[in-house]
Amino acid sequence: MKRSTFLAAVAATLVLLAGCGGDDGSSSGTGDGKASGEVTVWAMGTEGEKLGVLAKEFMAANPDIKVKVTPIAWDVAHDKLITAVAGNKTPDISQMGTTWMGEFAQTGSLEPVPDDIDTSQFFEGARDTAVVDGTTYGVPWYVETRLLYYRSDLAKKAGVTPPETWEDLKAAARAMKEKAGAKYGISLAPNNWQEFLPFVWQNGGDVIEDNEMTFDTPEVVEALDFYKSFFADGLTADSVPEGFDVTQGFIAGTHPMFFSGPWHMSLIEEQGGAKLKGKWDIAAMPEKETGTSFVGGSDLVVFNGSGNKEAAWAFVKYLLKPDVQRKWYETVSDLPAVQSAWDQGELASDPHLQLFGEQLKDAKSPPPIAKWEQIASEVVNAELEKATVGGASAEQAAKAMQEKASSIGAE
Amino acid sequence: MSDAAIRRPDQAVPHGTVWSRLSRHLTGWLFALPWLIIFAVFLLIPIVASLALSFTSFGLGNLRDWFSADFVGLDNYSKLLSDERFHKAARNTAVFVVVGVPLTIAFGLAAALGLNQAIGKLQSVFRVGYYLPVVTSIVAIAVIWRYLLNADFGLVNAALGLVGIEGPNWLGQKSTALASIIALGVWRNFGFDTVIFLAALQGINPVLYEAAKVDGATPWAMFWRVTLPLLRPTILFLAVITSVGYLQLFEEPFVMTGGGPLDSTLSVAMYVYEQGFRFLNLGYASAVAYALFIAIVALTFIQFRFLRGDEGA
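Sequence lines, in order, name chains R and B. Quick note: the numbering used here has the first sequence finishing at residue 412, numbered continuously throughout. Quick note: the numbering used here has the second sequence finishing at residue 389, numbered continuously throughout.
Structure follows, in structure tokens:
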């Protein structure tokens, strides 16, 4: 508890800080046709640390443009960007989480993508993260999608093959628990929309169509019922502690299956070591109507407050070149958003990576609407939790999701 | 009787011009200035601004042009009345205060009474021990407690397992999550109360106890009739300080449960944070913050009323 602070001041402090804060995002524009001048780029996490490598190569090829990369930690990135927008101190370019796109488009601070960038070169699901009300406000930079990780040794013991359908998935989870003796059959969160929405999509449903919420449809109810059944049957833990990392449970064999992105491959290799070598594998999403997965990653946006848009887009275009995308994969293991980058090298030959590449062709993103963060957290996660562990029926949860999401969306 | 006659000497009737009065206090003002500036910039302006915000629909779309936000009157406040999550947060916070504050004060008093009997080194060792959690980073404490209370490999359930009890999933189920947070709050904060009580206990004149003894009072009667009444101002002080702190409950649930499961540990302060900084409904978040502010003022007022008694505070 902060005894010394007046909580009443919390909200306004943001606005105030916005006035004082913000980094130097100024740049000199020329506007004489040939792009030149200085471009500032904000990038998060590993990307922020390593983007300098690409920036250097870009500057070698374009001596008139100076690219300045500012690394930002992920946990403060959202606040910092919001502050920058409020204080009109935005950088020229920023990396942006795909689920933030709707929000920042709403602030009116993003520049639409120029026509000379061909958006059909990206994976469809990734491209859609940047399309808000019909206008494209950013380009996908790198992508990730979720697959099923499973312990192949336990699967063998349980006598199951990688699940291909919903029924298979359920049967595999049951066999893992009952025949292979794992504590749980699978690891699903009782309140995580990112794990739940793929089931809706796989069932042919969606949560928003033509700006109308579509939670109260039979497809969503059925997906909720299916998701809920893993909890009712004791096949997954009914709570996920804060800071829980499934990797340890996977290595120990208590959580023999889970859905996650490509980063878990190296986590399992590092933490599991030789002990787990050859004892795990990944598989595509189980199918119902489709085998759709979740697509995440980051987009690149140019702010309309930029004084040097031409040079900014020039750098963005450079980052989208297939060979630069491949080099970026080699540098930080980010999967290319540009499809043609997957045609060569490790991306084309490694079987695990190919699985991700295949899944990316059938992967969707949450709707890029301004209030998504609030709807996801206050409505989808909350009502999902009520259905999985709170005793609500799938119909009740779907109905509540529809009502609450519609009222937030209408604000 | 003239007005000047009842003034205390240090408030003598000012003579001379405004300027001479000002220059007399100039040094004082200069010394206070650094603090005053910081107070104005970081507290006063935000407090006033958030009050203004709470009557607007300030949100995401208004970030670039602050004055484009619509004035909505009391809409944000009337929305509070029908907001289920706010009600839940208010209920959780109320439980935390109503259960937590008396427990904290009781533990603090018990520890202080014990320490008051102890002598020499022992006293300072325990005093430091009890006070240590108060000065330790709350986030670090909450992370450690999260591990202690973990259902599968936590120390608490391991200890319970030794005596054959299968411990519950403390933070993972609705029935025990808030209680666990209260336990952490009490454990962390009672050391502060102990130190204050100890000082107050040592300030009680021993003559009173001797007189009571001569009158044949039992230790129990001495506690009720002598110690407790004399501690009343201290209890008031601690009740106010602890309540104001507990009403702003934030870090413990933020780190330990994220407000879950099923919002059972969501506090009002967390709700303000969520609405304001995650969802960027800044107008509404300001209204929630002001509701909390009003609750703090009201509770403090009530405590003064009830605990002041005859001695005054």
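Cβ coordinates follow ideal geometry from the N, Cα and C atoms, glycine included. Values in this document were obtained by computation on a predicted structure and should not be read as measured data.
Rounded straight-line distance, which links the Cα of residue j to that of residue i
i, j, result
"L260 (chain B)", "E328 (chain B)", "8 Å"
"V221 (chain R)", "D76 (chain R)", "32 Å"
"F231 (chain R)", "R175 (chain R)", "9 Å"
"D226 (chain R)", "A395 (chain R)", "5 Å"
"G279 (chain R)", "S153 (chain R)", "8 Å"
"A253 (chain R)", "T47 (chain R)", "28 Å"
"G392 (chain R)", "N382 (chain R)", "15 Å"
"D65 (chain R)", "T103 (chain B)", "57 Å"
"V241 (chain R)", "T248 (chain R)", "13 Å"
"K405 (chain R)", "V380 (chain R)", "6 Å"
"T251 (chain R)", "E165 (chain R)", "Checking the displayed sequence, the identity of residue 251 (chain R) turns out to be Phe instead of Thr. The alpha-carbon atoms of F251 (chain R) and E165 (chain R) are separated by roughly 21 Å."
"G388 (chain B)", "P309 (chain B)", "Confidence in G388 (chain B) is poor, its pLDDT being 43 and thus under 50, which makes the residue's placement unreliable; the coordinate value appears in the next sentence. Their backbone Cα atoms lie some 7 Å apart in a straight line."
"G109 (chain R)", "R140 (chain B)", "8 Å"
"G346 (chain R)", "P141 (chain R)", "21 Å"
"E243 (chain R)", "Q249 (chain B)", "13 Å"
"S408 (chain R)", "L109 (chain B)", "48 Å"
"L82 (chain R)", "A127 (chain R)", "21 Å"
Supposed contact pair residue j and residue i - C-beta distance, whole angstroms, cut 8 Å
i, j, result
"A173 (chain R)", "M258 (chain R)", "7 Å"
"F162 (chain B)", "Y347 (chain B)", "6 Å"
"S343 (chain B)", "F326 (chain B)", "6 Å"
"A288 (chain B)", "L307 (chain B)", "Between L307 (chain B) and A288 (chain B) the Cβ distance is about 15 Å, and since that is not below 8 Å, they are no contact."
"N152 (chain B)", "Y360 (chain B)", "5 Å"
"F59 (chain R)", "F316 (chain R)", "6 Å"
CA nearest to the CA of residue i, picked from the options
i, options, result
"P367 (chain R)", "R:G103, R:A393, R:G186 and R:Q96", "R:G103"
"D1 (chain R)", "R:R327, R:P369 and R:V42", "No answer is possible for residue 1 (chain R): it lies beyond the span of chain R, which begins at 2 and ends at 412."
"L191 (chain B)", "B:Y207, B:L179, B:G176 and B:V177", "B:Y207"
"E168 (chain R)", "R:Q203, R:K362 and R:G139", "R:Q203"
"A411 (chain R)", "R:G98, R:G297, R:E213 and R:D363", "R:E213"
"D80 (chain R)", "R:K67, R:A349, R:N63 and R:G98", "R:G98"
"G131 (chain R)", "R:K318, R:L301 and R:Q403", "The residue you asked about is not Gly; residue 131 (chain R) is Ala in the sequence shown. Comparing Cα positions, the closest option is R:L301."
"G279 (chain B)", "B:T93, B:L304 and B:S256", "B:L304"
"V68 (chain R)", "R:G205, R:L348, R:F260 and R:L320", "R:L320"
"N168 (chain B)", "B:K197, B:L284 and B:L254", "B:L254"
"Q96 (chain R)", "R:G308, R:L354, R:S341 and R:G297", "R:G297"
"F143 (chain B)", "B:L157, B:S158 and B:A125", "B:A125"
"D324 (chain R)", "R:W343, R:S261 and R:P263", "R:W343"
"E196 (chain R)", "R:S261, R:A399, R:I409 and R:K180", "R:S261"
"L358 (chain B)", "B:S130, B:A165, B:I113 and B:A234", "B:S130"
"F245 (chain R)", "B:A227, B:L185 and B:A187", "B:A227"
"W300 (chain B)", "B:L189, B:A194 and B:L236", "B:L189"
Close Cβ partners of residue i (< 7 Å) along its chain, the five nearest in sequence each way excluded
i, result
"P209 (chain B)", "I217, W263, R264 and G267"
"L356 (chain R)", "L148, I283 and A285"
"V173 (chain B)", "S319, Y322 and L323"
"F200 (chain R)", "A224, F227 and Y228"
"K178 (chain R)", "Y185, G186 and L236"
"G335 (chain B)", "P329, T341, L342 and M346"
"I121 (chain B)", "none"
"A19 (chain R)", "At A19 (chain R) the pLDDT is 40, less than 50, meaning the model places this residue with poor confidence; the figure from the coordinates comes in the next sentence. Excluding positions up to five away in sequence, the list reads T84, A87 and G88."
"G30 (chain R)", "Residue placement at G30 (chain R) is poorly supported in this model, since its pLDDT is 38, which falls under 50; the coordinates are not used for a value here."
"P337 (chain B)", "G248, Q249, K250 and A253"
"Q360 (chain R)", "T146, L148, A285, M286 and S294"
Residues near residue i by beta carbon distance below 6 Å, same chain, minus five either side
i, result
"D33 (chain R)", "At D33 (chain R) the pLDDT is 43, less than 50, meaning the model places this residue with poor confidence and gives no usable figure here."
"A61 (chain R)", "none"
"L44 (chain B)", "Absent from the structure is residue 44 (chain B), since the part of chain B shown begins at 77 and ends at 389."
"W329 (chain R)", "D335"
"L375 (chain B)", "S319"
"I313 (chain R)", "Checking the displayed sequence, the identity of residue 313 (chain R) turns out to be Ala instead of Ile. Closer than 6 Å at Cβ, skipping near neighbours: V40, D93, I94, V303 and S307."
Chain-order list of residues whose beta-carbon lies under 8 Å from that of residue i (same chain, five-residue window excluded)
i, result
"V232 (chain B)", "L224, L225, G243 and W246"
"S251 (chain B)", "P244"
"H374 (chain R)", "Rather than His, the amino acid found at residue 374 (chain R) in this sequence is Glu. So the list reads T100, W101 and E104, once near-sequence residues are dropped."
"R222 (chain B)", "L247, V331 and M332"
"R398 (chain B)", "Since the displayed chain B opens at 77 and closes at 389, residue 398 (chain B) lies outside it and no answer follows."
"D239 (chain R)", "P191, F232, T389 and V390"
- prompt: For the 8 Å Cβ check, are there 3 or more pairs between the segment 253-272 of chain B and the segment 286-298 of chain B?
  reply: No, they do not touch.
- request: Determine contact between the segment 217-231 of chain R and the segment 142-150 of chain R, defined as no fewer than three beta-carbon pairs at a distance below 8 Å.
  value: no
Three CB pairs or more closer than 8 Å across the segment 274-292 of chain R and the segment 84-101 of chain R: no
message: Quick test of the definition: if touching needs 3 or more C-beta pairs under 8 Å, does the segment 179-194 of chain R touch the segment 378-389 of chain R?
response: Three or more beta-carbon pairs drawn from the segment 179-194 of chain R and the segment 378-389 of chain R are found closer than 8 Å, and the two stretches are therefore classed as touching.
message: Can you confirm whether the segment 311-318 of chain B touches the segment 174-190 of chain B when touching is taken to mean that 3 or more C-beta pairs between the two stretches lie within less than 8 Å?
response: yes
query: If we count Cβ pairs, one from each stretch, closer than 8 Å, do we get three or more for the segment 47-57 of chain R versus the segment 331-338 of chain R?
result: yes
- prompt: Within the chosen definition, does the segment 108-123 of chain R reach the segment 357-368 of chain B through at least 3 CB pairs nearer than 8 Å?
  reply: no
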